[in-house]
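Protein chains in written order, with the numbering used here: chain A, 1 to 135; chain B, 136 to 549.
Laid out in structure tokens, this is it:
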């Protein structure tokens with residue numbers, strides 16, 4: 001059975017999410033939801049020397065939102081905070097390898113929004129408009 | 136077994152709806168999102184086009200030919216609406232934008248003038264947000280109490296709550312005629328009797344019933360009724376508020392402006408008679424004409440026939456859905472007590488994922504909370520998918536829909 005957006009890799013991350021759960025001593029926690037469908041993502045970050053040392057996520061929602069958040073945790077690990085701040089929508093879509101279309105794009109971007117919220121929160125900086133508009 | 140054969144020929148009816156020829160993602164469109172909005176027959180599209188190309192004009196005040204024709208068509212639409220719901224007075228029919236605006240009109244006018252801190256509004260847990268939020272806004276302003284009638288396991292309103300909650304403090308009971316999630320057809324006639332016995336008025340949200348079953352406001356004896364044109368083959372942007380003239384005459388106006396005034400002076404203004412008092416500004420003339428044409432179309436088929444056909448297709452869909460492993464439906468099992476709105480969940484597949492898979496196959500269904508979050512909370516589900524039928528849907532389409540359900544189930548099974 002083929003499906004355009006439910007590729008095996010997305011279903012695999014949805015069924016077996018990587019980096020799922022809690023960090024023992026996170027430096028920052030961030031959480032947000034997509035009001036349209038009620039998807040929830042929480043990210044916990046361990047930050048050391050301006051870099052993301054470790055990350056876990058928790059959440060509830062559709063396959064796109066959960067798989068995308070899980071893939072994102074693998075990508076941001078080891079990145080500097082500035083690198084995370086500059087990540088874009090395209091980076092996430094490249095990770096997923098699909099174009100979820102205009103109605104589902106917000107599901108795909110929820111994880112990115114939350115990880116950025118965490119970074120901005122850790123740095124004590126105001127949330128940029130770009131981040132607010134992701135979802 | 137004898138089956139009642141309906142006179143509806145869906146295949147023939149489909150020819151009247153140009154959009155049904157469309158393909159979506161390379162597949163024939165299967166439109167199962169009728170509870171959100173219905174598709175439009177050519178007759179409606181042409182009536183709107185004819186108005187704009189032949190007699191477009193502002194109404195009521197012009198002394199020229201076009202204004203006369205447009206006014207006549209607009210008022211003729213009002214008569215069609217009145218007859219359709221068996222009101223014998225056209226002044227009881229107010230045109231609004233949609234059911235939501237109709238309900239807000241009552242909240243802002245009757246509600247503000249009549250409710251206070253010692254009063255109570257009774258709602259039900261299955262109301263659409265449009266029949267909850269206006270009352271919450273009003274209750275906050277007037278410190279009025281709100282109580283919600285719950286539902287039983289099958290999705291029927293709890294009789295005990297109805298009897299206990301509607302008391303002498305109750306000034307208004309707001310109830311949906313048919314639920315946009317459960318499909319339940321509520322016993323509004325009995326609820327109106329109970330409410331009236333306690334001196335309360337009744338507002339019926341008929342957005343999901345007027346398009347599908349015969350509705351008779353005089354038999355129902357409701358005080359107000361709200362519905363939308365776009366769910367009953369008409370255009371968007373036109374809705375109806377029915378209100379008994381004994382209430383409507385004494386309520387203050389809703390929006391102020393042109394069309395609704397008798398006289399305006401620097402010292403104040405006086406209002407027109409019903410229904411114009413509640414229709415400020417240039418109305419949606421094309422919308423009203425389109426709605427009138429939609430009513431002609433529905434009457435030609437016959438509301439009894441429509442109801443019978445939808446029972447048949449709903450019953451067929453329910454029996455097929457029961458065979459899909461892990462599928463749960465919500466609402467009454469007895470199709471005599473429900474409309475063709477089927478909310479469901481399939482295993483732990485999120486409703487949005489299911490809707491996406493459906494869309495890939497050209498099947499349009501709804502997913503989410505369906506603007507009924509209190510009901511979702513009560514059912515303890517974050518979201519649900521919903522398939523809803525109309526006269527142009529066929530059993531073959533139901534079969535295709537079932538095949539996609541099976542596909543989704545296999546795709547998501549570990």
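Where a beta carbon is used, it is the ideal one built from N, C-alpha and C, also for glycine.
Measure the alpha-carbon distance for residue 389(B) versus residue 235(B) and round it to whole angstroms.
By one-based count along the second chain, residue 389(B) stands at place 254. By one-based count along the second chain, residue 235(B) stands at place 100. Whole-angstrom Cα-Cα distance: 14 Å.
Check the Cβ of residue 491(B) against every Cβ in chain A and list those closer than 7 Å, keeping chain order.
Translated into the one-based positions of the second chain, residue 491(B) becomes position 356. Within chain A, the residues near residue 491(B) are 5, 104.
Mind pulling the chain A residues with CB within less than 8 Å of residue 549(B)?
As a first step, residue 549(B) is located in the second chain; it is residue number 414 there, counting from the start. The contacting residues are 15.
Is the Cβ of residue 517(B) closer than 8 Å to any Cβ of chain A?
Within the second chain, the letter at position 382 stands for residue 517(B). Yes - at least one Cβ of chain A is within 8 Å of the one on residue 517(B).
Straight-line gap, residue 506(B) to residue 261(B) (C-alpha atoms, nearest Å)
Reading the second chain from its first residue, position 371 is the one you call residue 506(B). Reading the second chain from its first residue, position 126 is the one you call residue 261(B). Residue 506(B) and residue 261(B): Cα-Cα distance of roughly 10 Å.
With burial defined as no fewer than 16 other Cβ atoms inside 10 Å of the residue's Cβ, what is the status of residue 330(B): buried or exposed?
As a first step, residue 330(B) is located in the second chain; it is residue number 195 there, counting from the start. So residue 330(B) counts as buried.
Beta-carbon spacing of residue 324(B), residue 356(B) below 8 Å:
Here residue 324(B) corresponds to residue number 189 of the second chain, with the count starting at 1. Here residue 356(B) corresponds to residue number 221 of the second chain, with the count starting at 1. Closer than 8 Å, so yes.
Could you compute how far the alpha carbon of residue 1(A) sits from the alpha carbon of residue 105(A)?
Walking along the first chain from the start, residue 1(A) turns up at place 1. Walking along the first chain from the start, residue 105(A) turns up at place 105. Residue placement at residue 1(A) is poorly supported in this model, since its pLDDT is 41, which falls under 50; the coordinates still yield a value, given next. One C-alpha to the other measures close to 23 Å.
Which partner residues of residue 361(B) appear in the DSSP bridge assignment?
Within the second chain, the letter at position 226 stands for residue 361(B). Residue 361(B) is bridged to 340(B), 376(B).
Selection from 542(B), 536(B), 531(B) that minimises the alpha carbon distance to residue 146(B):
Within the second chain, numbered from 1, the residue matching residue 146(B) stands at position 11. Selected option, being the one with the closest Cα: 531(B).
Kindly list the residues whose CB is nearer than 6 Å to the CB of residue 148(B), restricted to its own chain and excluding five residues on each side of it in sequence; keep chain order.
Taking the second chain and counting its residues from 1, one reaches residue 148(B) at position 13. Cβ within range, chain order: 526, 527.
DSSP three-state label for residue 298(B), please.
Locating residue 298(B) in the second chain gives position 163, where the first residue counts as 1. Three-state DSSP puts residue 298(B) in a helix.
Chain A residues whose Cβ lies nearer than 9 Å to that of residue 503(B):
For this step, residue 503(B) is matched to residue 368 along the second chain. Here the neighbours are 36, 37, 38.
Please classify residue 43(A): does DSSP put it in a helix, a strand, or coil?
For this step, residue 43(A) is matched to residue 43 along the first chain. In the three-state reduction of the DSSP assignment, residue 43(A) falls in the strand class, which pools E and B.
What do you get for residue 538(B), buried or exposed, if any count of 16 or more other CB atoms within 10 angstroms of its CB means buried?
Sequence index remark: in the second chain, residue 538(B) carries index 403 (1-based). When all chains shown are included, residue 538(B) counts as exposed.
Grab the span of the alpha helix (DSSP H) containing residue 239(B) for me, first residue to last.
One-based indexing of the second chain puts residue 239(B) at position 104. Here the alpha helix (DSSP H) through residue 239(B) covers 234–241.
In this structure, does DSSP put residue 76(B) in helix, strand or coil?
Nothing can be reported for residue 76(B): it is not among the residues displayed for chain B, which extend from 136 to 549.
Could you tell me the distance, in whole angstroms, from the CA atom of residue 29(A) to the CA atom of residue 366(B)?
For the purposes of this step, residue 29(A) is taken as residue 29 along the first chain, with counting starting at 1. For the purposes of this step, residue 366(B) is taken as residue 231 along the second chain, with counting starting at 1. Distance between the alpha carbons of residue 29(A) and residue 366(B): 45 Å.
Mind checking the stretch 55–66 of chain A against chain B and listing, in chain order, the residues whose C-beta falls within less than 9 Å of any C-beta there?
60, 61, 62, 63, 64, 65, 66
Assigned exposure category for residue 246(B) - 16 Cβ within 10 Å defines buried:
As a first step, residue 246(B) is located in the second chain; it is residue number 111 there, counting from the start. It counts as buried.
Could you list the residues in the stretch 476–500 of chain B with a C-beta less than 7 Å from some C-beta on chain A, going in chain order?
485, 487, 488, 491, 492, 495
Please check the pair residue 55(A) and residue 44(A), which I expect to be a contact at CB under 8 Å, by giving their CB distance rounded to whole angstroms.
Numbered from its first residue, the first chain carries residue 55(A) at position 55. Numbered from its first residue, the first chain carries residue 44(A) at position 44. About 7 Å; that satisfies the 8 Å criterion.
Residue 481(B), enclosing beta strand (DSSP E) - first and last residue:
The residue given as residue 481(B) occupies position 346 in the second chain. That run of the beta strand (DSSP E) goes 476–481.
So, for residue 148(A): in the same chain, excluding its five sequence neighbours on each side, which residues have a beta-carbon less than 7 Å away from its beta-carbon?
As shown, chain A starts at 1 and ends at 135. That puts residue 148(A) outside it, with no answer to give.
Report all residues from its chain with a CB closer than 7 Å to the CB of residue 414(B); omit the five preceding and five following residues, and keep chain order.
Position 279 of the second chain holds residue 414(B). Around residue 414(B): 229, 230, 394, 395.
Could you have a look at residue 247(B) and say whether DSSP puts it in helix, strand or coil?
Residue mapping note: residue 247(B) aligns to position 112 of the second chain, counting from 1. Of the three classes helix, strand and coil, the one that applies to residue 247(B) here is helix, per DSSP.
Is residue 496(B) helix, strand or coil when you go by DSSP?
Counted from its first residue, the second chain places residue 496(B) at position 361. Coil at residue 496(B), not helix or strand.
Under the three-state DSSP convention, the category residue 389(B) falls into
As a position in the second chain, residue 389(B) is number 254, starting the count at 1. Correct three-state label for residue 389(B): coil.
Per the DSSP calculation, residue 291(B) is bridged to which residue(s)?
Walking along the second chain from the start, residue 291(B) turns up at place 156. Paired residue(s): none; residue 291(B) is not in a bridge.
Which residue marks the beginning of the alpha helix (DSSP H) containing residue 83(A), and which one marks its end?
Counted from its first residue, the first chain places residue 83(A) at position 83. Its alpha helix (DSSP H) spans residues 81–85.
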